[in-house]
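A.B. asks:
Residue numbers (this note's numbering): 1 to 464.
This is the structure we're talking about:
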């Protein structure tokens, strides 16, 4: 007998582990994989699995025989997430009488019989006060602990998946149940430590996992997927199913976590099984590097403070820039996350000096992170001349930018300017050479001695 092409056959002959497995994504969900032993009989079989999370996406469930031993067809699949609770059972007795056990201090328990007028159960988890009639009077509370008769066979104690399978033959298999579940998150964070005035950093990266799925996973094989995985999002917001030593490079924390490219994304695999409890947040170190060269860059972008014809003092921003390369003691794909900077003072005490975010960064790319504003550097920006001839479609503007260094050591400030008028532009006069960054941005690099002020002037001509 050969079943239709709808059969779930083995995708590969890979080894199969009995422990649960999780692949957690940045988007707040995970792929959950569990082992389900099945004793198949030839013909129609009823199979249940009560190990799913409370936030399973029912239309994403896949049941398959990874080892390829069995051929079976799924005739039906259902998901029930109405576990037995006191409120739910009370709802089955609305309009009926029920016994309640009342306990009072220093008195024996006694049984009270009442009629359940309203159970208080509302599908979806909302709650209203129950109404119970006792001796012809209504009360908005339970008169005691309700005593229910035995449960029927169709009640469930936890979220349950059910299948009706048609099998070509008999036999025992270890099937795999895989599904998408919401309630999981993971994110990366980085601590960067530098000695005062040093351009060398120590980098430690952590991954933080959070489980709010309603289920504990014991000794799970955990992978973390980094990248922008596309998913369809309905209008009400629910996502639906698919979519070191100085001489050494960065270590993946002594193989606590390993990283590899997968499709268009990157997978980070925990080296050992881990237990991730419900409502638990767990951290694992995944990268450590020593002696990463990170240039300190000072940027004054005066145009953002500019008011026409007015000299406006502005802040000089401080950036740290480093290359994610093996030559610079890194060279691994870095998932997006928060970056915190610390600096050692003269007493070798760590002080927090700023934080920001980085995006997913491949190896050999440059990372530039804004850490804050410099206290001892300042700048001023003003327009000194502005002419425009509409008939000739020509405009000319002259700017003056002053930068000051109040530090005890020399610095270089990058004065960043923008051609915001529109049309074509060119600098017809400038006090020093500029470097064009893109179609509308150019910069002047100004070296400053301690307690020195310099002025940059330029004239820009627009045509359109």
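Note that beta-carbon positions come from the ideal geometry of N, C-alpha and C, so glycine has one too.
Could you check how far apart the C-beta atoms of residue 133 and residue 206 are, in whole angstroms? I think they sit under 8 Å.
C.D. replies: Locating residue 133 in the chain shown gives position 133, counting from the first residue. Locating residue 206 in the chain shown gives position 206, counting from the first residue. Actually they do not touch by this definition, with Cβ atoms about 58 Å apart.
A.B. asks: Where does residue 53 land, buried or exposed, given buried means 16+ other C-beta within 10 angstroms?
C.D. replies: The residue you call residue 53 lines up with position 53 of the chain shown. Answer is buried; the Cβ neighbour count reaches 16.
A.B. asks: Exposed or buried, which one is residue 327 when buried takes at least 16 other CB atoms within 10 Å?
C.D. replies: Sequence index remark: in the chain shown, residue 327 carries index 327 (1-based). Looking at its Cβ environment, which holds fewer than 16 other Cβ atoms inside 10 Å, residue 327 is exposed.
A.B. asks: Beta strand (DSSP E) containing residue 209: first to last residue?
C.D. replies: If you number the chain shown from 1, residue 209 lands on position 209. That run of the beta strand (DSSP E) goes 200-211.
A.B. asks: Check for me: the beta strand (DSSP E) holding residue 330 runs from which residue to which?
C.D. replies: Walking along the chain shown from the start, residue 330 turns up at place 330. Run containing residue 330: none; DSSP gives neither H nor E here.
A.B. asks: Pull up the distance between the alpha-carbon of residue 214 and that of residue 55, whole angstroms please.
C.D. replies: For the purposes of this step, residue 214 is taken as the residue at position 214 of the chain shown. For the purposes of this step, residue 55 is taken as the residue at position 55 of the chain shown. Rounded to the nearest angstrom, the two C-alpha atoms are 8 Å apart.
A.B. asks: For a test of the three-state rule: what should DSSP assign to residue 219, helix, strand or coil?
C.D. replies: Taking the first residue of the chain shown as 1, we reach residue 219 at position 219. Correct three-state label for residue 219: strand.
A.B. asks: Quick check on this structure: which residue in 362, 342, 361 has the alpha carbon closest to the alpha carbon of residue 354?
C.D. replies: For the purposes of this step, residue 354 is taken as residue 354 along the chain shown, with counting starting at 1. The option with the nearest alpha carbon to residue 354 is 342.
A.B. asks: Measure the C-alpha to C-alpha separation of residue 127 and residue 32 and round it to an integer number of angstroms.
C.D. replies: For the purposes of this step, residue 127 is taken as residue 127 along the chain shown, with counting starting at 1. For the purposes of this step, residue 32 is taken as residue 32 along the chain shown, with counting starting at 1. Rounded to whole angstroms, residue 127 to residue 32 spans 31 Å at the Cα level.
A.B. asks: In angstroms, rounded to a whole number, what distance separates the CA positions of residue 399 and residue 407?
C.D. replies: Counted from its first residue, the chain shown places residue 399 at position 399. Counted from its first residue, the chain shown places residue 407 at position 407. Going from the Cα of residue 399 to the Cα of residue 407 covers about 26 Å.
A.B. asks: Given that a residue counts as buried once 16 or more other Cβ atoms are within 10 Å of its Cβ, and exposed if not, what is residue 147?
C.D. replies: As a working mapping, residue 147 is identified with position 147 in the chain shown. Flag for residue 147 reads exposed.
A.B. asks: Using 8 Å as the threshold, is the C-beta distance between residue 90 and residue 130 below it?
C.D. replies: Counted from its first residue, the chain shown places residue 90 at position 90. Counted from its first residue, the chain shown places residue 130 at position 130. Contact flag set, yes.
A.B. asks: Taking the beta strand (DSSP E) that residue 178 belongs to, which residues open and close that run?
C.D. replies: Locating residue 178 in the chain shown gives position 178, counting from the first residue. Element bounds for residue 178: 171-182.
A.B. asks: Looking at the secondary structure, which residues open and close the beta strand (DSSP E) in which residue 55 lies?
C.D. replies: Here residue 55 refers to the residue found at position 55 of the chain shown. From DSSP, residue 55 is part of no beta strand (DSSP E); its letter is neither H nor E.
A.B. asks: Skipping 5 residues on each side, what residues in its chain have a beta carbon closer than 6 Å to that of residue 75?
C.D. replies: As a first step, residue 75 is located in the chain shown; it is residue number 75 there, counting from the start. Cβ within range, chain order: 164, 166.
A.B. asks: Using a Cβ-Cβ cut-off of 6 Å (strictly less than) and excluding sequence neighbours within five positions of residue 169, which residues of its own chain qualify?
C.D. replies: Taking the chain shown and counting its residues from 1, the one referred to as residue 169 is at position 169. The answer, listed in chain order, is 42.
A.B. asks: My output table needs one value for residue 372: the three-state DSSP class, helix, strand or coil.
C.D. replies: Taking the chain shown and counting its residues from 1, one reaches residue 372 at position 372. Looking at residue 372 - three-state DSSP - the assignment turns out to be strand.
A.B. asks: Leaving out the 5 sequence neighbours to the left and right, which residues in its chain are closer than 8 Å to residue 352 when beta-carbon positions are compared?
C.D. replies: Translated into the one-based positions of the chain shown, residue 352 becomes position 352. 340, 341, 342.
A.B. asks: What does the alpha-carbon distance come out to for the pair residue 101 and residue 93?
C.D. replies: Here residue 101 is taken as the residue at index 101 of the chain shown, counted from 1. Here residue 93 is taken as the residue at index 93 of the chain shown, counted from 1. Near 16 Å, if we compare the C-alpha coordinates of residue 93 and residue 101.
A.B. asks: I want to know whether the stretch 43-52 touches the stretch 135-146 - three or more CB-CB distances under 8 Å.
C.D. replies: The answer is no - the stretch 135-146 does not touch the stretch 43-52, with fewer than three Cβ pairs under 8 Å.
A.B. asks: State yes or no: is the C-beta of residue 440 within less than 8 Å of the C-beta of residue 394?
C.D. replies: One-based indexing of the chain shown puts residue 440 at position 440. One-based indexing of the chain shown puts residue 394 at position 394. No, the Cβ-Cβ distance between residue 440 and residue 394 is not below 8 Å.
A.B. asks: Note down, one range per segment and in chain order, each beta strand (DSSP E) of at least 3 residues found wholly within the stretch 369-448.
C.D. replies: Listed in chain order, they are 394-405, 411-418, 424-430, 441-448.
A.B. asks: Leaving out the 5 sequence neighbours to the left and right, which residues in its chain are closer than 7 Å to residue 350 when beta-carbon positions are compared?
C.D. replies: Translated into the one-based positions of the chain shown, residue 350 becomes position 350. Once the five neighbours on either side are set aside, the close Cβ partners of residue 350 are 193, 342, 344.
A.B. asks: Confirm, please, whether the CB-CB distance from residue 265 to residue 292 is below 8 Å.
C.D. replies: For this step, residue 292 is matched to residue 292 along the chain shown. For this step, residue 265 is matched to residue 265 along the chain shown. Their beta carbons are not under 8 Å apart, which means residue 292 does not touch residue 265 by this criterion.
A.B. asks: Of all the options 278, 172, 419, which has the alpha carbon lying nearest to the alpha carbon of residue 66?
C.D. replies: Numbered from 1 along the chain shown, position 66 holds the residue referred to as residue 66. Measuring from the Cα of residue 66, the nearest candidate turns out to be 172.
A.B. asks: Taking 7 Å as the limit between beta carbons, can you name the residues of its chain near residue 122, skipping five residues before and five after?
C.D. replies: Taking the chain shown and counting its residues from 1, one reaches residue 122 at position 122. For residue 122, where only same-chain residues beyond five positions count, the Cβ hits under 7 Å are 128.
A.B. asks: Residue 377 and residue 416 - do their beta-carbons sit closer together than 8 Å?
C.D. replies: Your numbering for residue 416 matches position 416 in the chain shown. Your numbering for residue 377 matches position 377 in the chain shown. No; because the gap between Cβ atoms is not below 8 Å, this pair is not in contact.
A.B. asks: Closer than 8 Å by C-beta to residue 304: which residues in its own chain qualify, once you throw out the five before and the five after it? Chain order, please.
C.D. replies: Your numbering for residue 304 matches position 304 in the chain shown. 314, listed in sequence order.
A.B. asks: Can you check DSSP and say which residues form a bridge with residue 48?
C.D. replies: Looking up residue 48 in the chain shown gives position 48. DSSP, once it has assigned bridges, lists 162 as partnering residue 48.
A.B. asks: Does the distance from the CB of residue 203 to the CB of residue 190 come in under 8 Å?
C.D. replies: By one-based count along the chain shown, residue 203 stands at place 203. By one-based count along the chain shown, residue 190 stands at place 190. Their beta carbons are under 8 Å apart, which means residue 203 touches residue 190 by this criterion.
A.B. asks: Is the Cβ-Cβ distance between residue 220 and residue 21 less than 8 Å?
C.D. replies: The residue labelled residue 220 in the question sits at position 220 within the chain shown. The residue labelled residue 21 in the question sits at position 21 within the chain shown. Yes, the Cβ-Cβ distance between residue 220 and residue 21 is below 8 Å.
A.B. asks: Rounded to whole angstroms, what's the CA-CA distance from residue 290 to residue 371? Just pull it up for me.
C.D. replies: In the chain shown, residue 290 corresponds to position 290, counting from 1. In the chain shown, residue 371 corresponds to position 371, counting from 1. For residue 290 and residue 371, the distance between alpha carbons rounds to 20 Å.
A.B. asks: So, helix, strand or coil for residue 60, using DSSP?
C.D. replies: Walking along the chain shown from the start, residue 60 turns up at place 60. Of the three classes helix, strand and coil, the one that applies to residue 60 here is helix, per DSSP.
A.B. asks: Taking residue 116 as the reference, which of 324, 180, 99 has the closest Cα?
C.D. replies: Sequence index remark: in the chain shown, residue 116 carries index 116 (1-based). Nearest option by C-alpha distance: 99.
A.B. asks: Return the residue from the list 461, 28, 368, 282 that minimises the CA-CA distance to residue 420.
C.D. replies: For the purposes of this step, residue 420 is taken as the residue at position 420 of the chain shown. When only C-alpha atoms are compared, the closest one is 461.
A.B. asks: What did DSSP end up calling residue 302 once you bin it into helix, strand or coil?
C.D. replies: Taking the first residue of the chain shown as position 1, residue 302 is located at position 302. Here residue 302 sits in helix by DSSP.
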